[in-house]
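A.B. asks: The sequence shown begins at 731 in my numbering and counts up one residue at a time. We put the beta carbon where it would ideally sit given N, CA and C, even for glycine. Since this is a predicted model, take the numbers as computed values, not measurements.
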Amino acid sequence: MNLRSVVAVCGALATATVLTGCCGKKSGSSSSLGGSTGELAVMSDARVQFNAPAGWKRLSGSNGWTQFMAPDKYASLAFVTFDRPGESTARIGQMAGILNVQGIQWGSSQGATNLGRNGFPSRYGEGTCKLPGGDPCYLWYATVNPGNSNQVLIVYAVNTKVGSHHKPNAKAAVDSMRSL
731 MNLRSVVAVC
741 GALATATVLT
751 GCCGKKSGSS
761 SSLGGSTGEL
771 AVMSDARVQF
781 NAPAGWKRLS
791 GSNGWTQFMA
801 PDKYASLAFV
811 TFDRPGESTA
821 RIGQMAGILN
831 VQGIQWGSSQ
841 GATNLGRNGF
851 PSRYGEGTCK
861 LPGGDPCYLW
871 YATVNPGNSN
881 QVLIVYAVNT
891 KVGSHHKPNA
901 KAAVDSMRSL
């Protein structure tokens with residue numbers, strides 16, 4: 731796909747308030763936690779970008795969500811942007827369907843933090859869940875304020891029975907978030 735096609739696709743999606751990862755660039759970077767990142771995902775209306783976990787496949791999303799899935803399907807990361815007051819609550823409610831998890835139990839670990847290379851003010855939460863086959867999973871989310879009218883909700887789920895090795899990669903992706 732050439733640059734003109736990428737710009738046309740991203741522009742059309744942003745016009746429809748659907749914001750997907752684009753550009754397909756590889757970074758090959760690694761975090762201090764041992765996670766690695768790859769494909770560049772751009773959220774132009776929020777003026778934010780990040781690198782998805784290395785080797786994870788981008789999937790078509792619904793309701794404006796973009797999702798990345800680990801090759802073994804034991805972990806998933808998704809994001810969406812929003813710009814209306816109270817919309818974060820509705821978007822958080824969509825997480826179970828997007829990540830295909832059930833029985834979410836939010837833990838006591840939640841609050842305010844700064845995320846990404848620019849230290850964006852954020853609210854986060856984490857908890858446990860179940861996958862359709864019954865395996866336990868870890869769930870994490872953050873609403874991120876990049877300093878404009880659009881905000882980002884980024885979430886990931888990791889199968890804790892057989893996929894815990896993916897957690898550093900998902901965390902590295904979140905840590906790679908930065909301004910455009």
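Can you find at least 3 beta carbon pairs, one from the stretch 810–821 and one from the stretch 834–842, that sit closer than 8 Å?
C.D. replies: No: fewer than three Cβ pairs fall under 8 Å.
A.B. asks: May I have the straight-line CA-CA distance separating H895 from L770, to the nearest angstrom?
C.D. replies: As a working note, residue 895 is residue 165 in the sequence shown. As a working note, residue 770 is residue 40 in the sequence shown. Rounded to the nearest angstrom, the two C-alpha atoms are 21 Å apart.
A.B. asks: Going by DSSP, name the residue or residues bridged to E856.
C.D. replies: As a position in the sequence shown, residue 856 is number 126, starting the count at 1. E856 is bridged to W870.
A.B. asks: With DSSP collapsed to three states, give me the class of V904.
C.D. replies: Your numbering for residue 904 matches position 174 in the sequence shown. Helix at V904.
A.B. asks: From the DSSP output, in three-state form, read off A784 for me.
C.D. replies: For this step, residue 784 is matched to residue 54 along the sequence shown. Here A784 sits in coil by DSSP.
A.B. asks: Comparing alpha-carbon positions, which option in F798, S792, Q779 and N793 lies nearest G785?
C.D. replies: Mapped onto the sequence shown, residue 785 falls at position 55. Closest by alpha carbon: F798.
A.B. asks: Output the distance between the C-alpha atoms of A808 and R777, rounded to the nearest integer angstrom.
C.D. replies: Sequence index remark: in the sequence shown, residue 808 carries index 78 (1-based). Sequence index remark: in the sequence shown, residue 777 carries index 47 (1-based). Their backbone Cα atoms lie some 17 Å apart in a straight line.
A.B. asks: Since T911 is in the alpha helix (DSSP H), which residue starts that stretch and which ends it?
C.D. replies: Because the chain spans 731 through 910 in this model, residue 911 falls outside it and cannot be assessed.
A.B. asks: Flag this pair as yes or no: are the beta carbons of A826 and G893 separated by less than 8 Å?
C.D. replies: As a first step, residue 826 must be located in the sequence shown, where it is residue number 96. As a first step, residue 893 must be located in the sequence shown, where it is residue number 163. Going by C-beta atoms, A826 is not nearer than 8 Å to G893.
A.B. asks: Give the range of the beta strand (DSSP E) segment to which A805 is assigned.
C.D. replies: For the purposes of this step, residue 805 is taken as residue 75 along the sequence shown, with counting starting at 1. Segment A805 to F812, the beta strand (DSSP E) holding A805.
A.B. asks: Tell me, which residues are paired with L845 by DSSP?
C.D. replies: Locating residue 845 in the sequence shown gives position 115, where the first residue counts as 1. F850, per the DSSP bridge assignment.
A.B. asks: On the criterion of 16 or more Cβ atoms from any shown chain inside 10 Å, does D905 qualify as buried, or is it exposed?
C.D. replies: Reading the sequence shown from its first residue, position 175 is the one you call residue 905. Per the 10 Å Cβ criterion, buried.
A.B. asks: Let's see if you can read the secondary structure: which residues bound the beta strand (DSSP E) around V885?
C.D. replies: Residue numbering aside, residue 885 sits at position 155 when the sequence shown is read from its first letter. Looking at the DSSP string, the run of the beta strand (DSSP E) that includes V885 is Q881 to N889.
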